Amino acid sequence: MPGPPPPTDLGHADDRTLAGRAADGDTSAFEHLVRRYSPMMRAYATRLLPSNNEVDDVVQEAFITAWEKLATLEDCGAVRSWMMKIVSHKSMDRIRAHKKETQLDDDELPAPESASPSGITQENSQLEALSMALSELPAPQRRCWVMKELGQFSYEEMADELELPVSTVRGLLARARMNLIPRMEAWK
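When the sequence shown is numbered by the UniProt record's numbering, its final residue is 188 and no position is left out of the sequence of numbers.
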(Lines of atoms letter the chains of each structure in order from A and count residues from 1; the text may use other names and numbers.)
(Lines give C-alpha, C1' and ligand atoms only; values in the text may rest on other atoms or scores of the structure.)
Protein backbone atom coordinates (compact mmCIF):
# COMPACT_ATOMS: atom_id res chain seq x y z
CA MET A 1 0.00 0.00 0.00
CA PRO A 2 1.65 3.25 -1.11
CA GLY A 3 2.02 5.97 1.47
CA PRO A 4 1.60 9.72 1.08
CA PRO A 5 3.88 11.47 -1.39
CA PRO A 6 7.25 12.42 0.03
CA PRO A 7 7.31 15.88 1.59
CA THR A 8 8.68 18.59 -0.63
CA ASP A 9 9.36 22.26 -0.17
CA LEU A 10 6.22 23.61 -1.79
CA GLY A 11 7.38 27.20 -1.37
CA HIS A 12 9.77 26.70 -4.29
CA ALA A 13 7.46 24.55 -6.39
CA ASP A 14 6.30 25.87 -9.74
CA ASP A 15 2.68 26.68 -10.50
CA ARG A 16 2.14 23.47 -12.46
CA THR A 17 3.22 21.34 -9.49
CA LEU A 18 1.20 23.31 -6.95
CA ALA A 19 -1.94 23.35 -9.12
CA GLY A 20 -1.64 19.64 -9.88
CA ARG A 21 -1.28 18.75 -6.22
CA ALA A 22 -4.08 21.12 -5.21
CA ALA A 23 -6.34 19.60 -7.87
CA ASP A 24 -5.67 16.25 -6.19
CA GLY A 25 -6.87 17.69 -2.87
CA ASP A 26 -3.58 18.90 -1.35
CA THR A 27 -4.68 21.88 0.75
CA SER A 28 -1.08 22.82 1.54
CA ALA A 29 -0.32 23.22 -2.18
CA PHE A 30 -3.42 25.37 -2.62
CA GLU A 31 -2.39 27.46 0.39
CA HIS A 32 0.92 28.18 -1.36
CA LEU A 33 -0.98 29.28 -4.48
CA VAL A 34 -3.13 31.58 -2.32
CA ARG A 35 -0.05 33.13 -0.71
CA ARG A 36 1.67 33.51 -4.07
CA TYR A 37 -1.22 35.17 -5.92
CA SER A 38 -3.21 36.94 -3.21
CA PRO A 39 -1.31 40.26 -3.53
CA MET A 40 -1.62 40.30 -7.32
CA MET A 41 -5.30 39.38 -7.22
CA ARG A 42 -6.00 42.04 -4.57
CA ALA A 43 -4.21 44.71 -6.62
CA TYR A 44 -6.14 43.69 -9.72
CA ALA A 45 -9.51 43.65 -7.94
CA THR A 46 -8.69 47.01 -6.31
CA ARG A 47 -8.36 48.60 -9.74
CA LEU A 48 -11.46 46.93 -11.15
CA LEU A 49 -13.86 47.53 -8.28
CA PRO A 50 -15.29 50.97 -7.56
CA SER A 51 -14.82 50.50 -3.80
CA ASN A 52 -11.99 48.94 -1.80
CA ASN A 53 -14.55 47.69 0.71
CA GLU A 54 -15.31 44.67 -1.47
CA VAL A 55 -11.82 43.67 -2.59
CA ASP A 56 -11.21 41.06 0.11
CA ASP A 57 -14.64 39.50 -0.41
CA VAL A 58 -14.16 39.26 -4.17
CA VAL A 59 -10.66 37.77 -3.83
CA GLN A 60 -11.92 35.27 -1.26
CA GLU A 61 -14.81 34.29 -3.55
CA ALA A 62 -12.32 33.86 -6.38
CA PHE A 63 -10.16 31.52 -4.28
CA ILE A 64 -13.20 29.49 -3.24
CA THR A 65 -14.22 29.13 -6.88
CA ALA A 66 -10.65 28.21 -7.84
CA TRP A 67 -10.54 25.51 -5.15
CA GLU A 68 -13.90 24.09 -6.22
CA LYS A 69 -13.03 24.06 -9.94
CA LEU A 70 -9.30 23.39 -9.91
CA ALA A 71 -9.81 19.81 -11.08
CA THR A 72 -11.32 21.20 -14.31
CA LEU A 73 -8.20 23.23 -15.17
CA GLU A 74 -6.71 21.58 -18.25
CA ASP A 75 -3.27 23.23 -18.14
CA CYS A 76 -2.00 23.43 -14.56
CA GLY A 77 0.83 25.67 -15.78
CA ALA A 78 -1.76 28.36 -16.63
CA VAL A 79 -3.09 28.58 -13.07
CA ARG A 80 -2.02 32.24 -12.65
CA SER A 81 -3.97 33.53 -15.64
CA TRP A 82 -6.87 31.20 -14.76
CA MET A 83 -7.11 32.59 -11.21
CA MET A 84 -6.77 36.17 -12.49
CA LYS A 85 -9.60 35.44 -14.89
CA ILE A 86 -11.74 34.21 -11.98
CA VAL A 87 -11.08 37.36 -9.92
CA SER A 88 -11.86 39.44 -13.00
CA HIS A 89 -15.20 37.69 -13.47
CA LYS A 90 -16.04 37.97 -9.76
CA SER A 91 -15.21 41.69 -9.86
CA MET A 92 -17.35 42.26 -12.94
CA ASP A 93 -20.20 40.31 -11.33
CA ARG A 94 -19.96 42.55 -8.26
CA ILE A 95 -19.95 45.71 -10.38
CA ARG A 96 -22.98 44.52 -12.34
CA ALA A 97 -24.77 43.74 -9.08
CA HIS A 98 -24.32 47.32 -7.87
CA LYS A 99 -25.20 48.90 -11.24
CA LYS A 100 -23.66 52.21 -10.32
CA GLU A 101 -20.44 54.00 -11.11
CA THR A 102 -18.45 55.38 -8.20
CA GLN A 103 -14.99 56.78 -7.98
CA LEU A 104 -12.19 54.47 -6.87
CA ASP A 105 -11.30 55.05 -3.23
CA ASP A 106 -7.63 54.49 -2.47
CA ASP A 107 -7.70 56.12 0.97
CA GLU A 108 -7.54 52.69 2.59
CA LEU A 109 -4.36 51.54 0.83
CA PRO A 110 -1.60 50.99 3.37
CA ALA A 111 1.44 53.20 2.98
CA PRO A 112 4.88 51.59 2.87
CA GLU A 113 6.25 51.40 6.41
CA SER A 114 9.61 52.86 5.41
CA ALA A 115 8.17 55.95 3.71
CA SER A 116 8.65 59.39 5.20
CA PRO A 117 5.60 61.55 5.87
CA SER A 118 6.29 63.64 2.76
CA GLY A 119 6.87 60.48 0.73
CA ILE A 120 3.61 59.01 1.98
CA THR A 121 1.78 62.21 1.07
CA GLN A 122 3.28 62.24 -2.42
CA GLU A 123 2.55 58.55 -2.97
CA ASN A 124 -1.05 58.99 -1.82
CA SER A 125 -1.42 61.95 -4.17
CA GLN A 126 -0.04 59.90 -7.06
CA LEU A 127 -2.37 57.00 -6.27
CA GLU A 128 -5.31 59.37 -6.03
CA ALA A 129 -4.38 60.98 -9.37
CA LEU A 130 -3.99 57.56 -11.00
CA SER A 131 -7.30 56.35 -9.58
CA MET A 132 -9.03 59.49 -10.82
CA ALA A 133 -7.42 59.14 -14.25
CA LEU A 134 -8.38 55.45 -14.45
CA SER A 135 -11.96 56.19 -13.41
CA GLU A 136 -12.24 58.64 -16.33
CA LEU A 137 -11.21 56.01 -18.89
CA PRO A 138 -13.88 54.10 -20.78
CA ALA A 139 -14.40 50.72 -19.07
CA PRO A 140 -12.79 48.60 -21.86
CA GLN A 141 -9.63 50.75 -21.83
CA ARG A 142 -9.46 50.73 -18.02
CA ARG A 143 -9.87 46.96 -17.90
CA CYS A 144 -7.10 46.43 -20.49
CA TRP A 145 -4.75 48.79 -18.64
CA VAL A 146 -5.38 47.10 -15.29
CA MET A 147 -4.97 43.61 -16.76
CA LYS A 148 -1.65 44.53 -18.42
CA GLU A 149 -0.08 46.81 -15.81
CA LEU A 150 -1.34 45.26 -12.57
CA GLY A 151 -2.32 41.74 -13.59
CA GLN A 152 0.69 41.38 -15.90
CA PHE A 153 -1.41 39.52 -18.44
CA SER A 154 0.06 38.86 -21.88
CA TYR A 155 -1.81 40.28 -24.88
CA GLU A 156 -2.99 36.76 -25.71
CA GLU A 157 -4.29 36.19 -22.16
CA MET A 158 -6.07 39.54 -22.26
CA ALA A 159 -7.65 38.74 -25.63
CA ASP A 160 -8.81 35.37 -24.32
CA GLU A 161 -10.26 36.88 -21.15
CA LEU A 162 -12.02 39.72 -22.96
CA GLU A 163 -13.02 37.56 -25.92
CA LEU A 164 -11.52 40.08 -28.34
CA PRO A 165 -8.87 39.84 -31.07
CA VAL A 166 -5.31 40.58 -29.92
CA SER A 167 -5.21 43.60 -32.27
CA THR A 168 -8.26 45.11 -30.54
CA VAL A 169 -6.70 44.55 -27.12
CA ARG A 170 -3.49 46.25 -28.27
CA GLY A 171 -5.52 49.20 -29.59
CA LEU A 172 -7.53 49.55 -26.36
CA LEU A 173 -4.35 49.45 -24.29
CA ALA A 174 -2.63 52.01 -26.54
CA ARG A 175 -5.63 54.35 -26.26
CA ALA A 176 -5.71 53.87 -22.48
CA ARG A 177 -2.04 54.80 -22.21
CA MET A 178 -2.51 57.82 -24.50
CA ASN A 179 -5.47 58.98 -22.39
CA LEU A 180 -3.51 58.54 -19.15
CA ILE A 181 -0.41 60.46 -20.29
CA PRO A 182 -1.90 63.97 -20.12
CA ARG A 183 -3.70 63.18 -16.87
CA MET A 184 -0.50 61.98 -15.21
CA GLU A 185 1.84 64.57 -16.79
CA ALA A 186 2.42 66.32 -13.45
CA TRP A 187 3.80 63.10 -11.91
CA LYS A 188 6.71 62.56 -14.31
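Virtual Cβ for every residue (Gly too), placed ideally from N, Cα, C.
As the structure is a prediction and not an experimental result, all values here were calculated from the model.
Helix, strand or coil for Phe153, going by three-state DSSP, please let me know.
Here residue 153 is taken as the residue at index 153 of the sequence shown, counted from 1. Of the three classes helix, strand and coil, the one that applies to Phe153 here is coil, per DSSP.
Among residues of its own chain, excluding the 5 on either side of Ala45, which ones have a beta-carbon nearer than 6 Å to its beta-carbon?
For this step, residue 45 is matched to residue 45 along the sequence shown. The answer, listed in chain order, is Val55, Val58, Val59, Val87, Ser91.
For Ala13, does the three-state DSSP call read helix, strand or coil?
Numbered from its first residue, the sequence shown carries residue 13 at position 13. Ala13 falls in the coil class under three-state DSSP.
Check whether Val166 and Cys144 have beta carbons under 8 Å apart
If you number the sequence shown from 1, residue 166 lands on position 166. If you number the sequence shown from 1, residue 144 lands on position 144. Result no, Cβ atoms of Val166 and Cys144 do not sit closer than 8 Å.
Beta-carbon gap between Ser28 and Leu10 smaller than 8 Å
As a first step, residue 28 is located in the sequence shown; it is residue number 28 there, counting from the start. As a first step, residue 10 is located in the sequence shown; it is residue number 10 there, counting from the start. In contact: Ser28 and Leu10 (Cβ atoms closer than 8 Å).
If contacts are defined as beta-carbon pairs under 8 Å, then Ser134 and Arg47 qualify, I think. What distance do you get, rounded to the angstrom?
Residue mapping note: residue 134 aligns to position 134 of the sequence shown, counting from 1. Residue mapping note: residue 47 aligns to position 47 of the sequence shown, counting from 1. For the record, residue 134 in the displayed sequence is Leu; it is not Ser. Confirmed, about 7 Å.
Identify which residue in Met178, Asp26, Asp15 has its Cα closest to the Cα of Glu68.
Here residue 68 is taken as the residue at index 68 of the sequence shown, counted from 1. Considering only alpha carbons, the answer is Asp26.
For Ser51, name the three-state secondary structure that DSSP assigns.
Locating residue 51 in the sequence shown gives position 51, where the first residue counts as 1. Looking at Ser51 - three-state DSSP - the assignment turns out to be coil, as it is neither helix nor strand.
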